[in-house]
Structures are given as structure tokens and as C-alpha cells.
Ligand SMILES: Cc1cc2nc3c(=O)[nH]c(=O)nc-3n(C[C@H](O)[C@H](O)[C@H](O)COP(=O)(O)OP(=O)(O)OC[C@H]3O[C@@H](n4cnc5c(N)ncnc54)[C@H](O)[C@@H]3O)c2cc1C
Ligand SMILES: Cc1cc2nc3c(=O)[nH]c(=O)nc-3n(C[C@H](O)[C@H](O)[C@H](O)COP(=O)(O)O)c2cc1C
Ligand code: SF4
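Protein chains in written order, with this note's numbering: chain A, 115 to 567; chain B, 254 to 687.
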């Protein structure tokens, strides 16, 4: 997400004023001005067989959209982006671009920093969304209809592409709002301005998509029923669950799942009303741990420590995310694995085993370490929930799909985090949904052509 | 530091940087600021007869930008001075009195009648100005009234007016040429025939700088309509450099001094004009864009470069490149060069590849052993320099001369003999070898 690091207002001692808390959750990067966007666009070399394009899971034609911005056609740029990635807005804000397109941008070699591809993408896409004009039209109606389970990035991308190809879709979503983790999981300062909802509203302008909220697979809907009622089903339910720690005291009040904390925070109308402790410990080494830690700092926590059982090099959080956390006063403790959560009525401290690598295996050193805590967030990874998926073959705990995104059951497709198609990122979920829609549409057309013969 | 003193047709100035006749030299206030900043001289904004002309009261400038919004081209629809003649003359006199070591040249444009010139010349002489410049260049407005480029496009008129001026004043006469002609040598020769002490070039180029696609009218737009204006700034420099060189190497001109104008923005631009035969340079757009302080970098840069090269005076530099400007037909067709890509410096953007593949000679690889790799195939390379031109990394691709063996492309042996088109066997008109 670029190289400049936002410094939040943090509480060294005493509490943050509510207005400081609200401003902490404002945009991580302000949107580029149109003058800056053109200057930044002028840095792009318009590479042949561009490395950035190849590094993007959705293969957005990056040099093309940047040239469109440069030539004063920002809406054209947005259309180029959205034609490959209908959630290009969220991706522009939340993609770890430093590990995707921007990582391979060759300009870094001459100028020390890549073209700000993510920020240029945001500039273009949000300009178009702002205008409220949807750039795509549906192909002639086919009369075919799919059920989509889950209104996260995968389900939404499927629905958009599938309806664009002339079909229609009903989305069944467990919760009350669409967006999946765009709405409930991504850090607030990445999605400022209720962007997830604005983006979904823009996406739905394509038409042909019906939303049904409060519908959970395995609770009040079933796969069999959807299969008979529709021409097919796309499953994009995400992971849905989190891993649990077997350590003692983990159920003490004050110990919470990081994803739940972020969800609660994202949905709070006034962020200052979300209470936070003075001493916060976050357990884990991924971007969720970083997001929870930074947002705890934003709420005014004085001491925030990320404890990770391995060394810094093994953390899955990107270097840029770690830098953002460190710059905002988050402490890192490595080689510490939670042993016990202690406290009388609430959490008071976490006792850790110090760890080391012995012949490549992670071992306890025998030493212990205690960190006082009045708030603990567990960010040790999401886990796949299998509720309602009976009958589908799994692969490493996730839904098994072939190259056409078909599950083991004919007519049922799946994509996004609930499948093992790639990394668990918004952009990968969008690619899965888009490709699954293209495959499903092609198969249906082929079948109906065969019937007609 | 090298001596930057300039003596142009007997007009002395502490450095060869003059401000061209334009808004920066419109009045005493500006000129005094320019002299304080260090400019060597000015050509005062062109004076005409009373009553003064009237300028538009809306936008008079338009611009062309580079991607990072630097101004690279500029145009204007301004006329000559719109202030009364005697006000200008009074100010010129005061400035010359207060700044005796600086060059003060007065630009003039009056109707194409001998009487008009006869009237104005003594009044200019009376100010103590160092010389006059005849504005035969303005391509807009004034030309519609039979002045400016309307005169500059007819060699006979140039010669005639120049002769009148030489007759009616003892001040040095510099004739400012318009580039809006097909061959700059004709008006330059006419100026010389009329007795001019020097020529200056170029004035602005006829242009429409951009079109307002909402109003559907050229920019700058005045009340819904636009007109062509005069183009200047860095974008016109290549045209000006060529015109200076054409005049400098023309046998008929025999060393007629040239004041080089057009897109001078840095010391290097100035050095290039001097090398091609200009005795000094004049600057307008760069001063209008950045202010007078740019004179500091220009002077210091030129001085440092001259020191490095061992040039002691401006005269040491003037015309140095002229002997190396020639006609195409005299270029050595036996000279062979091939592009070479420095693999260490290459950032693998692939622009050289696609340029050569799509539009040139298919002489660059895109991959090697399955990996992204850009390398020149000497068997295909014609040495055209396209890859060098599009490469974003300076000195990453260079043209290397082949001096022995065979040319891998033509398989012909490389010869050290000079072979130009005039003597080439394929030339049906070639001169007999002996
Ligand atoms: C805290 C956190 C931060 C993250 N930050 C980033 C980031 O900065 N950048 C990035 O690229 N990625 C990030 N990710 C990953 C990214 O959010 C996911 O990869 C992406 O959202 C996956 O999309 P999806 O559609 O597969 O699943 P989800 O987004 O999980 O959406 C699944 C949807 O299905 C619904 N659902 C679930 N079960 C059922 C059911 N039984 N019946 C009906 N509906 C159901 C859910 O309510 C949800 O709406 C983050 C993840 C987390 C947890
Ligand atoms: C606004 C403007 C007004 C000008 N007015 C005159 C003028 O009155 N007389 C003249 O001889 N040249 C005039 N010129 C031309 C300049 O003196 C100069 O020849 C030309 O701009 C090229 O130099 P540059 O690229 O440094 O600007 C004018 C140029 C500009 C931009
Ligand atoms: S890698 Fe960088 S310079 Fe090359 S096309 Fe992509 S953004 Fe442009």
C-alpha cells in the first residue's frame, strides 16, 4: 500500500479524546488529487508484458489503466480495472500491493519506489463510483439462474460476472449486510467512508441480482434445496471460523478472538464507544494480528504487544504492515507461545513459553515470561467451518474444486477463502468468483446448445 | 571562472544572456529587476507608433505540459507594447543611464514605410540605447496589419527595411527573423544584403496550442473564439537550433553574427546555441515561467562547463560545432554501429523490445532460456538508435561502433574508408570516382 506510513494519534498516558479516536479511523492514505494522479501516472514505463499485470491475481491491465489516467480518461481507467476486478475499489485500498503488483514494478530499480499502482487504482475507481454510473451492461437474458451462498468478495464477483453474461442470481447471505470481510473484517482505516457498502451498491447496479439476508446454509437453507430450485450454486462462504487455543484460562472475560473484535469495531457507529484496555496483548503473526494491534492503539490502548511464537522472519504479516504497526508504537515480542491466561474474574496477564528452533523444530526453551494484560486478542488464524457443506469433497479442510471451479457435485461451484485456490486475499476471492462465473456460463451455454441440436 | 563577457556586434554585456523582447522587458520596473538579478542585457519589448496597440482583455497565453506538468511549450496572442511610445523611450533612457554596463537594445515594429522608420529612429537613438532589433517575426495580430512576420516572410521587404534603418541610424541593426518560412537562409541573406549587423532567431512559431473541447475553440479562448498564436519555450528549441546552424554554415552569410533565441532554459541550452554559431542567446519563456533568478544557474553552469572544457571566453565556444553540421549526403555510409544493452543496468521493462519488434527491425530478444531477457541480435540490428531513445535508463543501451571484421547483418567486410552517398554505387547521380 505504498511507502508513506500514517501516524495515528496514540495515548502514551491518559485517554484519547473521542474526536482523536474518530480521526484515527479515517483513511490510511488520502485519495490522490487529480494533479498528483497524473504526475504519478507519468512515472509508469508502460512495460512490455508488464510484470505488474502478471503479478495481479485478477490480471488487471495496469499499464493501460495508468495511461488512461495520464491521458485524462480516469473513467476509462476505472472501466479497465473493473472489467477484470469488479471490487477493484476495495482491492486498491486493501491489497498488499507491496507483495503483488508494486513489488515487481521495475521503476523501483531506477527511482527507489514503485509506481503507486494501488493509489492510482483507487483514484480511478472511486471517481467513477462517486458519479454513480455503472460501466457495464448485461448481455441478452438467458433465463438461467444461480444461487450464490455468501455475499463476500467471491460471491459478489461471481454474481456480477454471471449476471453480466445474461444470467440472474439470488444471493443468500447469513448476515444482515453484504460485503463479507470487506464489511466485517478489513481494518476500519482501510475501508473508511462506509466504502464496502457503497461499493456493493455500485456492483448491484448491473441488475439481475436479488439479495436475501439472514439466510444461512446449514441453518435455514440447504444445498439440495438450492440445487433443485436453481440451475446451479456458487459457494463463497469464506472460512467462517477461527482456530482455538487449548491453553488454560482462554475463556476468561477479556480474552477475545481478534476477528470478532474487529467485527465489533467495524460495526460500532461511534468508535470511541468501543472500550479497550490499557495493556493489550495480541497473539499471532499475520495481518489480522497487526490489524487488531493497530486498531487497539487507535482506540487509545497504551501498551500493545504482538506476541508471536516464531521469529520476525516467519511472520506472515507483510513488511509494510509490520512497519505501520511499529511506527505507531506496537511492541513485538518474538519466540513467545502462550502457556496460560491468568486472572481472577478477568484476564490479568498472559504467561508465555519462550521458544527456540532446534534442528528446524520449534521447541520450548523452558523459560517463561509474563506480560500483564487487561485485553487479549487471539489472531492465530481462521479455520474452515463445514456447516451445511455435507456431500462436498474437501481438500485440506477446504472445499475441493477443479480448474473450472466445480466441486465434487455437478452444478455446484465454489471459490474464495473456502477453497484452496490461492492465498486468502480479497483479490484472489474476486478472481475465483469471476472465473467460476465464466466457467459456469460457458458450460451452461454448451449444454443448452447440445440439447438444441 | 571562465570569462563570460560578451561583445555582440560591438554591444558589450557582462554575460551572453539577454532577455528577449517580450513581457519580461516590457517596462523599467521589470528590466531593473532583471538587471539586479544579473541578466547581461535586454531587448526591450517591441515599440510601435502611437496610438499604442490594444491587447485582448482575456487570456493571452496557452501551454503544453509534460506528464509531470512542467511547461514544455508556450504560446501567446500578445501584440507589441501597448504603452505610449514616449513613456517607453523615457524609461529606456533612464535604465541605460543607470545600468551603463548592460546591453539595452530596442525592438521596433512600425509600418513598412520609410517615413515611419525615419520618424522613430532618431527618437530611439536619443535614449542612448545600444542598438535596435527589427521585429519581422510576430506571427499573430501584427502580421494581419502588414507588419511582423508579414514582412519577415518576404525577403525583399526585409532587405528594404533593413537598408532604411542602416541609412537613418548609426546604431547597430539586428534583424529578428520569423521561423514561419520554408528556408531560413533566404530571409537571413536578405537581412545581410540590406546591411544588417546581425540576425536574431527565432521569433515564435504559428501554433494552436490546444483545443477547448467543451467550447470547441482554440486555447486561449477569448469570448468563445481563439486564434493562432506564437509558439515558444523548450518545445521549439530543436527548430531554433537547426535554423541557427543553417545560417551559421551558409557560405553566403560569411560570419554574420547570430543572436540565438528559442527555448533556452538552462546553461546547456545556451552552450548548444553558442556551439552552433550563436554569438549570444536571448531568453523569454524560461524567465516567464521561473522568474529572473534562473540567470544564476545559467551563468554558473556555463562558467563551470567552460572551465571544465578549458574554454576561456565565449568566443572560444561560438561556432565550435558548425564544421560538424553537414548534409545527409556527406554522412559516412561505411560507419557501422550496433546497440548493446548493459545487462547490469537493464531493469527489464521491455520497451526496447516492443519498439524494435513492432516498428523497427526485430533485433531484440524478449526471453532467454524461458526467462525475461532483453538482448540485441547484431545480425538484425541496423543501429537505428530507437531502443536507445525509448530506454528509461540512461546509458543502459549504447551504440557501439564496429571497426573490424564483417557486419553480422550484411555479412559485408567493415571498411575504414569514408563512403558517402555522393560516391555510393547505388547512387545513379554519383560523381565519377576520379
Ligand atoms: C481480519 C482480517 C483482515 C483481512 N485483511 C485483508 C486485507 O487487508 N487485504 C486482503 O486482501 N485481504 C484481507 N483479508 C482476507 C480477505 O478478507 C478474504 O480473503 C476475503 O474476504 C475472502 O472472501 P470470501 O468471499 O471468500 O469470504 P468472506 O469475505 O469471508 O465472505 C463470506 C461471506 O459468506 C457469508 N457466509 C458464511 N457462511 C455462510 C453460510 N453458512 N450461509 C450463508 N452465508 C454465509 C459470510 O457472512 C460472508 O458474508 C483479511 C481477513 C481477515 C480475517
Ligand atoms: C508573451 C510573449 C510576447 C512576445 N512579444 C514579442 C515582441 O513584442 N517582440 C518580439 O520580437 N518578440 C516577442 N516575443 C518572442 C520572444 O522574444 C522570443 O523570440 C520567443 O518567445 C522565443 O524565445 P523563448 O523560447 O525563450 O520564449 C514574445 C514572446 C512571448 C511569449
Ligand atoms: S511494472 Fe511499474 S512501470 Fe511497468 S507497467 Fe507496471 S506500473 Fe508501469
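Built from N, CA and C at the ideal position, the CB exists for glycine as well. Computed from a predicted model, the values in this text were never measured in an experiment.
Practice task
Measure from the alpha carbon of residue 217/A to the alpha carbon of each residue in 303/A, 263/A and 164/A, then state which is nearest.
Solution key: 164/A
Problem - residue 404/B vs residue 365/B beta-carbon contact at 7 Å - result: yes
Practice task
Compare the C-alpha of residue 316/A against each of 273/A, 360/A, 500/A and 339/A and name the closest.
Solution key: 273/A
Problem - Between the CA atoms of residue 327/B and residue 315/B - distance to the nearest angstrom - result: 6 Å
Problem - C-beta neighbour in chain B for residue 163/A, strict 7 Å - result: yes
Practice task
Note down the Cα distance separating residue 371/A from residue 561/A, rounded to an integer number of angstroms.
Solution key: 46 Å
Exercise for the section: Compare the C-alpha of residue 182/A against each of 409/A, 173/A and 153/A and name the closest. Expected result: 153/A
Problem - Residues, ordered as in the chain, of the segment 628 to 652 of chain B that lie near chain A by beta-carbon distance below 8 Å - result: 645 and 646
Exercise for the section: Please decide whether residue 599/B counts as near chain A, where near means a Cβ-Cβ distance under 7 Å. Expected result: no
Exercise for the section: Reducing DSSP to helix, strand and coil, say where residue 330/A ends up. Expected result: coil
Problem - 7 Å Cβ cutoff, residue 159/A in contact with chain B - result: yes
Practice task
Please decide whether residue 607/B counts as near chain A, where near means a Cβ-Cβ distance under 7 Å.
Solution key: yes
Problem - For residue 202/A, the first and last residue of its enclosing beta strand (DSSP E) - result: Run containing residue 202/A: none in the beta strand (DSSP E); it sits in the alpha helix (DSSP H), 202 to 208.
Practice task
For residue 282/A, count neighbouring C-beta atoms within 10 Å of its own C-beta (all shown protein chains included) and say buried if the count is 16 or more, exposed if not.
Solution key: buried
Practice task
May I ask you to check if the CB of residue 276/B is nearer than 6 Å to at least one heavy atom of ligand 2?
Solution key: yes
Problem - Rounded Cβ spacing between residue 255/B and residue 533/B (contact assumed at less than 8 Å) - result: Going by Cβ atoms, the distance from residue 255/B to residue 533/B rounds to 15 Å, so no, they are not a contact pair.
Practice task
Would you please verify whether the beta carbon of residue 229/A is less than 7 Å from any beta carbon of chain B?
Solution key: no
Problem - For residue 286/A, the residue or residues it bridges with in DSSP - result: 263/A and 326/A
Handout entry: Contact residues within the segment 569 to 585 of chain B, judged by C-beta distance below 7 Å to chain A
Key = none
Exercise for the section: Determine, using beta carbons only, whether residue 414/A and residue 120/A come nearer to each other than 7 Å. Expected result: no
Handout entry: 4-residue-minimum alpha helix (DSSP H) runs that sit fully inside the segment 367 to 394 of chain B, ordered along the chain
Key = 367 to 378
Practice task
Measure the CB-CB distance between residue 447/A and residue 479/A and report whether it falls below 7 Å.
Solution key: no
Exercise for the section: Look at the alpha carbon of residue 344/B and the alpha carbon of residue 456/B, and state the distance between them as a whole number of angstroms. Expected result: 24 Å
Exercise for the section: Taking residue 520/B as part of the beta strand (DSSP E), name the residues at either end of that continuous run. Expected result: First-last for residue 520/B: 520 to 528, but that is the alpha helix (DSSP H), not the beta strand (DSSP E).
Practice task
Compute the beta-carbon to beta-carbon distance between residue 166/A and residue 219/A, rounded to the nearest angstrom, for a pair I have assumed lies under 8 Å.
Solution key: 5 Å
Handout entry: Where the beta strand (DSSP E) containing residue 400/A begins and where it ends
Key = Here residue 400/A belongs to no beta strand (DSSP E), and DSSP marks it neither H nor E.
Handout entry: residue 599/B versus residue 649/B: straight-line alpha-carbon distance, rounded
Key = 6 Å
Practice task
Measure the CB-CB distance between residue 428/B and residue 446/B and report whether it falls below 7 Å.
Solution key: no
Exercise for the section: Return the first residue and the last residue of the alpha helix (DSSP H) that residue 640/B is part of. Expected result: 639 to 643
Practice task
Determine the contact status of residue 271/A and residue 200/A, defining contact as a CB-CB distance below 7 Å.
Solution key: yes
Exercise for the section: Would you mind stating whether residue 401/A and residue 431/A have Cβ atoms separated by less than 7 Å? Expected result: yes
Practice task
Report the three-state DSSP secondary structure of residue 363/A (helix, strand or coil).
Solution key: coil
Exercise for the section: Please decide whether residue 153/A counts as near chain B, where near means a Cβ-Cβ distance under 7 Å. Expected result: yes
Problem - Interface residues of the segment 123 to 151 of chain A facing chain B [CB-CB below 9 Å] - result: 149
Handout entry: Contact residues within the segment 311 to 329 of chain B, judged by C-beta distance below 8 Å to chain A
Key = 319, 320, 321 and 322
Problem - Beta carbon proximity, residue 223/A to chain B, threshold 7 Å - result: yes
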